[in-house]
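Residues in the sequence shown are numbered from 1 upward in steps of one, following UniProt numbering. Here the structure is laid out as structure tokens; the discussion comes afterwards.
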Amino acid sequence: MTPPLRILLIGSGGREDALAWKLSQSPSVEAIYAIPGNGGTATCPKTTNITSVSADNFPALVEFAQANGVNLVIPGPEAPLVNGIEAFFQDAMIPFFGPSKEAAQLEGSKTYSKNFMKRHGIPTAAYENFTDFAAATAYVDQTAHGLVIKASGLAAGKGVILPQSKEEAKDALRRIMVDKEFGDAGDEVVIEELLIGQELSVLTFSDGSTRRSLPLAQDHKRALDGDLGPNTGGMGCYAPTNIATDDLVRTIDSEILEPTFDGLRRDERPFRGILFTGIMVTAAGPKVLEYNVRFGDPETQTVLPLLSDDTDLAQIILACCQVRLHKCRLEINKLFSATVVLAAGGYPGAYAKGTPINVSDPPSGVTIFHAGTKLEGNQLTVAGGRVIAVNAVADSLDAAVKLCYSALDSGVVKFDGMFFRRDIAHRAFGREVAAKAMTYAAAGVDIQAGNEFVQIIKTAVASTKRPGADAEIGGFGGELDLSRCGCDFKEPPVIVAAIDGVGTKLMVAQALRQHGSVGIDLVAMNVNDLIVQGATPLMFLDYYGCSKLDKASAASFVQGVADGCRQAGCALVGGETAEMPGMYRGEDYDAAGCAIGAVTSAGRLPRKDALIAGDVLLGLASSGVHSNGYSLVRRIVDRAGLDWAAPAPWDPSETVGRSLLTPTRIYVKSLLPVLPRVKGLAHVTGGGLVENVPRMLRDDLAAEIDFGSWPVPFIFRWLKDVGGVAPAEMVRTFNLGIGMVIAVGAGEAEAVACALVAESVFRIGRIIPRQQQDQHCVVRHLDTMAPYYFRMGIGLRPPEPCMCCRCGEAPPSAGTTCPGACLAPHVHWDRLSQGILYPLGHFAPGGLDVALTRRDNLSQRGTHPEADHVIPTHHLGACPAWGAIKIGNLLVTDLTSALRGLANSVSKRSYSQSQATAPRHLMSISDLTANELASLVRNAASRKKAVKAGQTPPSLASSLSGKAVAMMFSKRSTRTRVSTEAAVSIMGGHAMFLGKDDIQLGVNESLYDTSVVISSMTSCMVARVGPHSDVVDLAKNSSVPVINALSDDFHPLQTVADLLTLHETFPNSSSSAGLGLGLAGLKLAWIGDSNNVLFDLATGCVKLGIDIAVASPKGYSIPDPMKQLILAAADGVKSPGKLTETTRPDEAVKNSDVLVTDTWVSMGQESEMKKRLDAFAGYQITNELARRGGAKDSWKFMHCLPRHQEEVADEVFYSPRSLVFPEAENRLWAAVSVLEGFVVNKGKL
């Protein structure tokens, strides 16, 4: 039975009084000690204020807790948490409800918090960090959008400033950074983009694994009615919010809360406590404003009264401390709560203290929570700026608010100078009050709603202001002063206007209730049409027509329009919102926009007289389908039977709906600087390339475009195949990946392309002479638009013909060059029918050996008489026979990666290595024979013994002398980085760490270029990447050994370390089957996910005679191609180990010597966390599992780290059975052995 709870409650605010109020209702709570408490806690049942101990004296707090039998500690304010109070109570083994000092940096450092969000892909405002005042003010001067300025450290809730002008922003920076208004908290500032939308917050309980959230609440920060006056700690709050739709709640949970708590776990900072997440619901979806690592105020006073009577807050908090939140009951009453804060005169500035307060008994349904109060004898006095919060709970929000104000009007609380806001929850209602008085409303037109809507969007609209246009709405028309617009016209300009809509893409937005992105589309369709005429977009107006105005939807749309205007640099100067019952149905709406710009006569485009045959056509990549062809897109999606929420077949990381709502790219700011060098532009909209490019040409010229000279996004291939759309129709309907075409002189092409640094630029064709009967635009090689295939959930496409110039010619005989005179080897796909791909081509001398590997014959290769090297043959209809593709000595199990590797290997003209002289790489354990693997393990053991004994062999200590090892890490790591750097140091070399911020593989330059350049400067590349194809591509073109330090498919270094650990633990055999490692006959039980660590470990076990039993839930077993690869490891081994699979952990454990697991949620799988944790329930390694399953009495445990508690119990992880920490150290010796074998000994193992 749980002993009675004696709680230490730290703090003196309204939140602490609310906590004491709710905790005291728990039958399990015996006593509450409030340090120091306030006038409310002084009279709260079971609660005693303690003033003899300082809340800042952590050792004294621990001593008090021990002396008074405290068995649960709850901190209120943030400062103790940020200063590390948690560690003091953890050391004293007293349950503590709150995060560690490291996790508390989410609130303690705005810089850390913003970087955390960026690192884990959590939506937030764009930002920059500054420690230098001059740099910060310079940034303000160059920024066009609204700003928020935050002191990075703790500033008692006052360090966030929303300046209304650049002057105010610079003044705020001066006060924070120079005058030190907030002390050390202002040593660093964060300058953020100002987000526009509705603000709300959510409090979430967490035990490190499970989370439970309270209702979404909306705070009122400004001191005065109408959201005017200075920022405060909070003047009122209500919950639940009326904007908290089920869809929004799910989005916040999946896109914000889930990656937040998962990110903390991944960063080894698991969060136990309550997390406050401040959110702005923008046109682009919810974004995080801030985190607080404690209960919010006044949110706590608002949401705790909504807990049901039988929800025991004390037990929920204790469960968070004991990692059993999933067993707790948390129920919310279906009621509404409103809180009004009473402040002292002068707050948030100076205010008087000691003022007497009179409090009467509140009416039923009303609760009074004390904040800045103090009980002096029998007299309650003012002791803080926010003095008291009056809360009411009722069946409706309107009733709750009225109950609050009724109590206040009755004089329930009185003190001199008292003030409070009278409009709490004004955003939630007000529309319905006005509607009753409107006769027009009876006809379905809500004038008041329209007026309120204008007020809602004013801030968003104002954010688009530019020189000459203040972007204020409410007048009869929008204005722009051409003399002040910043264009510096040397002659009277020509005014250019464009008008357009978004089309049926609106129907996708309406189906998903996501309206912001189509607002961007509306701007894009117009301003892109202006820029092609050489005009600078200056102003924009929009039209929004609907049946019934939904303010939230319309505001989201207009905020998207404002976002688009900011991207284009034009002012949103006006618009029309038309509510027309009967014209539209239900929630349908339509939208149109008009953009107005200006250009001088000399700057007008196209310059048709300047265009000549031989001019180059450059293409700028589109962001997707853009805004044309959606009538066809919707029909194809419907034919495929796909739901908008289903994973997109062309991009499983996105849903169908979200992918299709990707906004149209706005090219204005990229193109403006290069317009003087451009002869013509074509915006690729309806009609595609073939109808839009000719619009900039004379009748005697035509465009010749080479299809395949740019990467066609997979979505277009999917649309073509699923819809059965002919290639000619595709190029007439869709942009196919090119959103803007530039005509430029041949001599200017390279310079213009280089100047377009923000765009992906492709040389897609040329201008040619045209005869009268010829087409105006010819797209060559459309017949090579390869189908999009699906296999085991993996989308793939074969490479395009002739990767160099798309000559389309039949392949010449081996050894000759491309007829298109591109001097590059190329591959052609001869035939595509009945599901069979027949690659036909040739390779340059010394090209890579490419072969198909089947599971029934690992040496089988297909050839073609015209090829001077081996060419793969792949039968798509025989998927069960598919095993892997072998490129040189690299085994690739991902079909997409293999085909991409084939394309790359035949398209790089500068590749000159021959197979005879190429370095040996380590991609996976499959690259090693059994003897070679054993040799690496033995060498690791030998080197470890010598070095730790202080007898490092001189040959080892100097083996990498004068050599640099490039550590190319796309994924973060602790053990891999430390072990590799330490290994290189032991060997006398220099380790050069290149993290994801230093080198983004395949982003700013191709993997080919990266590999060739870096391998020319170093002696080895150690790569820790995502897709296995990345490390394969690095190895293909590297002149030095490449070591795979982790990819999504394999982890060979970990396997060497694991086998070394087993060798040290079981040194009892020298049989030939064990190759002298003492491992033959052992049995491993792998309990958990089938992942990259398992794939290489299982391969190593089979090679060395170790049996391995794998237990994974249904759907998480070893993929068939990988299983065949593991089984193939038995080839040539006299007594190979056996691989068995089951879904029952106890079956795998039977007679096992070692139990092994790894993380259940790998990097990149964070979005699947809840699903995975549910699937792996019952797979935790415990003593009970080992006993029940019948593991050997001397069984051991291994885990490659980082470990999460759901994977293995503490009783195992920290027990003498655990080999985890020796296993971790052995990563060092594995790295030493592999570097010595592959770099020093050049692969001769």
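Beta carbons: idealized from backbone N, C-alpha and C, even for Gly.
Excluding sequence positions up to five before and after residue 98, its CB lies within less than 6 Å of the CB of 75, 81, 86, 273, all in the same chain and listed in chain order.
Rounded to the nearest whole angstrom, the CA to CA distance from residue 188 to residue 172 is 13 Å.
With contact defined as three or more Cβ pairs closer than 8 Å, the region 241-250 and the region 260-275 are not in contact. A contact is defined here as three or more CB-CB pairs under 8 Å, and the region 313-332 meets this definition with respect to the region 16-33. In this structure, the CA atom of residue 644 is about 5 Å from the CA atom of residue 656. Here residue 956 carries a helix assignment [DSSP, helix/strand/coil]. For the options 620, 152, 1135, 329, the alpha carbon positioned closest to that of residue 176 is the one of 152. Per DSSP, residue 1222 is one residue of the alpha helix (DSSP H) stretching across 1220-1235. For residue 148, the enclosing beta strand (DSSP E) has its first and last residue at 147-151. For the pair residue 547 and residue 586, the CB atoms are nearer than the 9 Å cut-off. For residue 1116 and residue 1090, the gap between their C-alpha atoms comes out near 6 Å.
Listed in chain order, the non-local C-beta contacts of residue 623 below 8 Å within the same chain comprise 662, 663, 664, 665, 739, local neighbours out to five positions each way being set aside.
The three-state reading of DSSP puts residue 1207 in coil, since its state is none of H, G, I, E or B. The alpha-carbon separation between residue 650 and residue 733 amounts to approximately 19 Å. In this structure, residue 391 lies near residue 337, with their beta-carbon atoms less than 9 Å apart. Considered as a whole, the region 621-664 harbours 630-639, 656-660 as its complete alpha helix (DSSP H) runs of no fewer than 4 residues, in chain order.
DSSP, read as helix, strand or coil, puts residue 424 in coil.
Residue 102 has its alpha-carbon roughly 41 Å from the corresponding atom of residue 509. Of all alpha-carbon atoms in 979, 938, 479, 1149, the one lying nearest the alpha-carbon of residue 1059 is that of 938. Inter-residue distance for residue 971 and residue 1021 is about 15 Å (C-alpha atoms, whole angstroms). Take the alpha-carbon of residue 283 and the one of residue 555: they are about 8 Å apart. Secondary structure note for residue 285: its beta strand (DSSP E) is the uninterrupted segment 285-292. Taking C-beta atoms as the reference points, residue 1018 and residue 965 count as a pair closer than 9 Å. Judged by beta-carbon spacing, residue 382 lies beyond the 9 Å limit of residue 234, meaning their Cβ atoms are not closer than that value. Contact between residue 615 and residue 752 does not hold, since their C-beta atoms are separated by about 11 Å, which reaches or exceeds 8 Å.
Distance from residue 588 to residue 561 at the Cβ level is roughly 18 Å; contact not present, criterion being Cβ atoms closer than 8 Å. The region 376-420 contains, as complete alpha helix (DSSP H) runs of 4+ residues, the segments 397-409 (chain order).
DSSP, read as helix, strand or coil, puts residue 248 in helix. The bridge partners DSSP lists for residue 1083 are 1107. According to the DSSP secondary-structure assignment, residue 968 is paired through a beta bridge with 994, 1023. Among the bridge pairs identified by DSSP, residue 198 is matched with 281. In chain order, 730, 734, 736, 737 place their CB closer than 7 Å to the CB of residue 716, counting only its own chain and leaving out the 5 sequence neighbours on each side. Proximity of the region 1031-1040 to the region 1202-1209 falls short of the contact definition, fewer than three beta-carbon pairs being nearer than 8 Å. In the same chain as residue 373, and ignoring 5 residues on each side of it, the C-beta atoms closer than 8 Å to its own belong to 38, 39, 40, 357, 380, 381, 382, 383, 384, 387, 388, in chain order. Rounded to whole angstroms, the separation of the alpha carbons of residue 612 and residue 699 is 12 Å. Considered as a whole, the region 1141-1196 harbours 1145-1149, 1169-1175, 1183-1189 as its complete alpha helix (DSSP H) runs of no fewer than 4 residues, in chain order.
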